[in-house]
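What follows is a short report on a single structure.
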Amino acid sequence: MNATTTITNIGCACGQTRLEVRQAPILVSECLCDSCRAAAARLAELPGAGNLLTSYGATASAEYRKDRVRIVSGAEQLGEFRLSPSAGSRRVVARCCNTPVFLEMKGAHWLSLYLHLWPSQSRPKPELRTMTGDLADACALPQDIPNLKTHTPSFYAKLLWAWIAMGFRNPKIEVAQKIDA
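Going from the sequence shown to our numbering is simple: count from 1 and add 2.
Structural data, given as structure tokens:
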């Protein structure tokens, strides 16, 4: 790493699981898809877990290249939750305090790290909301950032450019525990 590399330390509510992220995220977003909202509702039922959703039902996350995320401590605490056994995405939770840590899509080269992991003073600001088309009524959403009905070509382009910059690699993140919520 060079002297200009920005490193940010984030972690679970109790502090046992810590991560280090380098440089800026690919994108910072809030998702309102049915899957994210359903998973957040089920994860909130875990003992001691907090609510992952914003007041209007979005899950806020920073999309980071996997090669820019390092688990510093608590890897043994991580457990994966899937909405169904065949789900193409998994949410990874720090079992020490049942804090959701990230969303990983099958085959993805990035992680969606939940914004509540950052201290409030250094938390990245969402640039857009996506998948608002899954809502019965999106009229009540704040108008502070774009509210997009679905993922846009620009959204996918940012992810593609990040993958190109990674040399088309897809680092694996092993999680031994399974969570039934």
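All C-beta atoms, glycine included, are put in the ideal place defined by N, C-alpha and C.
Pairwise C-alpha distance: residue j and residue i
| i | j | result |
| --- | --- | --- |
| A89 | A15 | 27 Å |
| L137 | K108 | 24 Å |
| T134 | D182 | 28 Å |
| T8 | E22 | 10 Å |
| E129 | K180 | 32 Å |
| R125 | T10 | 10 Å |
| R20 | I12 | 6 Å |
| V103 | S57 | 19 Å |
| I175 | P155 | 27 Å |
Per-residue DSSP class, three states only, for residue i
| i | result |
| --- | --- |
| Q189 | Nothing can be reported for residue 189, as the shown portion of the chain is limited to 3 through 183. |
| F1 | This structure leaves residue 1 out entirely; the chain is present only between 3 and 183. |
| Q179 | strand |
| G135 | helix |
| E78 | helix |
| Y158 | helix |
| W165 | helix |
| S88 | coil |
| R97 | coil |
Residue-level contact to chain D via CB, residue i, 9 Å cutoff
| i | result |
| --- | --- |
| E65 | You won't find chain D in this structure, because it holds only one protein chain. |
Exposure label - residue i; buried when at least 16 CB within 10 Å
| i | result |
| --- | --- |
| F170 | exposed |
| C33 | buried |
| R92 | buried |
| N149 | buried |
**Asked** Are three or more beta carbon pairs between the segment 23-34 and the segment 146-165 nearer than 8 Å?
**Response** Yes: at least three Cβ pairs fall under 8 Å.
**Item:** At least 3 beta-carbon pairs within less than 8 Å: the segment 80-98 vs the segment 40-50
**Value:** The count of Cβ pairs closer than 8 Å, one atom from the segment 80-98 and one from the segment 40-50, reaches three, so the stretches are in contact.
**Asked** For the segment 15-66, which segments carrying the beta strand (DSSP E) assignment without a break, of at least 3 residues, lie completely within its bounds, in sequence order?
**Response** The beta strand (DSSP E) runs lying completely inside the segment 15-66 and spanning 3 residues or more are 20-24, 29-33, given in chain order.
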